[in-house]
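Written out below as structure tokens is the structure these notes cover.
Residue numbers (my numbering): 15 to 152.
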């Protein structure tokens, strides 16, 4: 009742965060499916890096997340090898970084804030391919 009467308005931060989340939508994109990744040989469970794999019928995105000095580092690989006119967008709720994959499909970004991130593969002739949002914690 207090909300309806205006006595308890929605905090401006809630409204701002909702609008910011809305701008992160990708209408028409293809969502890559999370796929299990086997732990690296000799790796201890729960240790870094965090490894994730996402797949579609035409693309596999492998990504490793590590934390260094309170910042997030992302390293990844695209299979099959991307064309030179494609790029990958590494998105957080507050900043995005664009990377052109190497000729063999590798990409990386450093200095990202810890927390939520998503990857989007862009190719001029196809719809974008996006991963679900991941929460990267130290």
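Even glycine gets a Cβ: it sits at the ideal position worked out from N, Cα and C. Since the structure is predicted, the reported quantities are computational estimates derived from the model, not experimental observations.
Listed as beta-bridge partners of residue 144 by DSSP are 45, 134.
Fully enclosed beta strand (DSSP E) runs of no fewer than 3 residues occupy 64-69, 74-82, 85-93, 101-105, 110-113 of the region 59-125, in order along the chain.
Here residue 48 is exposed. Its C-beta has fewer than 16 other C-beta atoms within 10 Å. Within a 10 Å sphere around the beta-carbon of residue 115 sit 16 or more other beta-carbons, which makes this residue buried.
Of the residues 145, 51, 149, 117, the one whose Cα lies closest to the Cα of residue 127 is 149. One thing to note: residue 122 has its Cβ no nearer than 8 angstroms to the Cβ of residue 46.
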